[in-house]
Amino acid sequence: MTIRLPDGQGGLRAYEPRATPLSFDTGAPLASRVVFSAAHVVADPFADTTPDSPAAVDWDATLAFRRHLWSHGLGVAEAMDTAQRGMGLDWAGAAELIERSAAEARSVGGRIACGVGTDQLTAPAKDLAEVRAAYEEQLALVEGTGAQAILMASRALAAVAKGPEDYLDVYGHLLRQATEPVVLHWLGPMFDPALEGYWGSADLDAATETFLDVIAAHPDKVDGIKVSLLDARREVDLRRRLPKGVRCYTGDDFNYPELIAGDDRGFSHALLGIFDPLGPLAAQAVRVLDTGDAKGFRELLDPTVELSRHLFQAPTRFYKTGVVFLAWLSGHQDHFTMVGGLQSARSLPHFARAYELADGLGLFPNPELAEARMKNLLALYGVSS
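Numbering (our numbering), first residue to last: 1485 to 1869.
What follows is the structure, encoded as structure tokens:
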């Protein structure tokens, strides 16, 4: 059996899907690394919405996907950019998502950390005080659910801050207020162009110094940092300068196998959007690493990098489209609809290549279902079988 896929040059080519998926075991929590998967939201396809209206979420399917991740021993990073935070999911929707997911985590014993930002500010912030107050509101909600807080980068702060001292002021204020250690999140402009110059400088070396100053001033309030700059060398240099006890969670969806495996001077934990579609395989790889078998870990995870680089290709911020597409092909949801209409953000050749790469990795629990759904999408674009 073959399927005809766009060849990227205006034609079609034959592809033969694999018949048997990989088999993944569910199991105990991972031991050698702390691993979070940032998780997507499932839209309600029957809601009468527009791209700029509040998101309509299918809560049953959204929470079921989180139970899927927890069943494999992964933690869930909730209400992050993978959940279309700021790209279809507003603060009201994110707050409900946090409350529902935190309750679900308590019911199943799952690990959860949730994004704290300032996206309730729909107009430009007047000053730093307004940004601090917005952060405080969200921090209180997350801590009130019992979830760990992830202090996300703020578009509002990037717009109003005049220099590094403003970042030191705002983050110092929040860290003093946090009741438990938080994760600091440095999201690069490739994920969100509005974050250009974060930490007070477009010079990444200067920005790194400010970032480290924030941590050094409050090491007891920082569980770890999530670095999403797609620069492996910079992440390694940064993690080697962290105070003892502060973790580095890689957010590098291009170089994660080598960063998680580490070297003789340390390693990164993980908080990754690519672990949404890779969850079971990623968990199995880390269990191999738990035994001390770094080579076996790399043999499992290295082949996934081509898929990840494809999904996260520029414009990187549209990677969510590929993540949800693969969730649909994998049977985790019954449709390929996204909040904000973001299913339109990638091309048919992009989807076809994502399907081919994921199928080649054995990611689809039911390859026949994935093939049938891919053919349905092709037919929608005018490709006859």
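C-beta: ideal position from N, C-alpha, C; glycine also.
- In the DSSP assignment, F1520 falls within the unbroken beta strand (DSSP E) covering 1519–1522.
- T1734 is positioned such that its CB atom lies no closer than 8 Å to that of L1765.
- Take the alpha-carbon of V1518 and the one of T1534: they are about 38 Å apart.
- Judged by DSSP in its simplified three-state form, P1490 adopts strand.
- A straight-line Cα-Cα distance of about 45 Å links A1531 and P1703.
- Taken in chain order, the whole alpha helix (DSSP H) runs of length 4 or more contained in the region 1771–1838 are 1778–1785, 1789–1795, 1803–1813.
- Between A1618 and T1602, the gap from beta carbon to beta carbon is short of 8 Å.
- Taken in chain order, the unbroken stretches of alpha helix (DSSP H) that lie wholly in the region 1500–1564 and span 4 residues or more are 1543–1555.
- For V1711, the number of other beta carbons within 10 angstroms of its own is at least 16, and it is reported as buried.
- Bridge partners of Y1733 according to DSSP: K1710, H1753.
- DSSP, read as helix, strand or coil, puts I1758 in coil.
- Within the same chain, Cβ atoms closer than 7 Å to the Cβ of L1553 are found at S1521, A1523, V1560, G1763, the five residues on either side in sequence being excluded.
- With 16 or more other Cβ atoms from the protein chains shown falling within 10 Å of its own Cβ, D1707 counts as buried.
- Judged by beta-carbon spacing, L1696 lies beyond the 8 Å limit of R1731, meaning their Cβ atoms are not closer than that value.
- V1770 and W1683 have their C-alpha atoms spaced approximately 32 Å apart.
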